[in-house]
Each structure stands twice: as structure tokens, then as C-alpha cells.
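Residue numbers for the sequence shown follow the working numbering, so the first one is 983 and each next one is one higher. Structure first, then comments.
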Amino acid sequence: MTLEQRSDSAAAGHEACDQPIRSLEILNQCVPLFETLKDPNRQQLLVQLVCHGPQTVGELAESSALSRTAVSHHIKLLEQAGFIEISKDATRRICSVRADRWLPLLDELSSALKADLAAAEQCRA
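Okay, here's the thing in C-alpha cells:
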């Protein structure tokens, strides 16, 4: 390899290191998820649904220290963020996890962060 080719190769490698990072784009898409889950009550309700399956608002309220009104508020926010879906059965609202809406995005974030870390290590080498 000539000196000129090495210089071109180094410049190309440097440009690749200066390109925007893919994980930043995905992180921005995840912000609403993280904002929703920053509240410990919503974390608890989501984990309750993950562990025990679909439950009514009343059942969620009974198994937590929250009032039925507070549970309704938090599940509404979880639904808006795409973590759960709420179906109506006569007079009851049944909450269930919709992992297909948010797990793929979190998986994509994990993959992008791993790829960006590997690329950054290669650029520093």
C-alpha cells in the first residue's frame, strides 16, 4: 500500500468515526418509553402485569398501595406509551401487556449500542 493509499484509508476511517451514531436516533425514539417508566408506580404496575398476566384495574389496585383512581391514571399513561392495552369487558377494564410494541425497539437499541461501542473501539485502535 502506498503512502497516498494509507492516507486515503485513514481519512475514510476517520470519516466513519465522525458519522452520527445510529444508537442516538433509536435512543430518541425510546425517550417516551423511558419518560413513562421513570415513575416507580408505573414500573410496579407493568411488572405486575408481566408477572401475573391480564388484570382488571380493580385487581391492580388491590395488589398495590395505590387507589383505584391512581391506578387508572397510571395505566392510561402506560397505554398511551404502548406498554399495555386496555380492553373492556362489560363494566371492567382489563389491562394486558403489549410487549410486541416496545420490546423490538429496546432490542434494536441494545443492538445499536453494541455496534456503536464496537465501532468506537475500532476507531480508537
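Cβ atoms here follow ideal geometry from the backbone N, Cα and C, with glycine treated the same way.
With contacts defined as CB atoms closer than 7 angstroms, Thr1038 and Arg1074 qualify as a contacting pair. Here Lys1070 is bridged, per DSSP, to Arg1075. Rounded to whole angstroms, the separation of the alpha carbons of Asp1098 and Ser1054 is 39 angstroms.
Straight across, the Cα-Cα distance linking Ile1008 with Arg1050 is about 35 angstroms. Secondary structure note for Ala1063: it is in no alpha helix (DSSP H), with a DSSP letter that is neither H nor E.
The residue among Pro1014, Val1032 and Asn1010 with its C-alpha nearest the C-alpha of Gln1062 is Pro1014.
The Cβ atoms of His1056 and Leu1027 lie closer than 7 angstroms to each other. Here the alpha carbon of Lys1070 sits roughly 14 angstroms from the alpha carbon of Glu1041.
Nearest neighbour of Ser1046 by Cα position, chosen from Gln1030, Ser1005, Glu1017 and Lys1058, turns out to be Gln1030. Closest in C-alpha terms to Gly1035, from the list Leu1006, Ser1078, Ser1005 and Glu1017, comes Ser1078.
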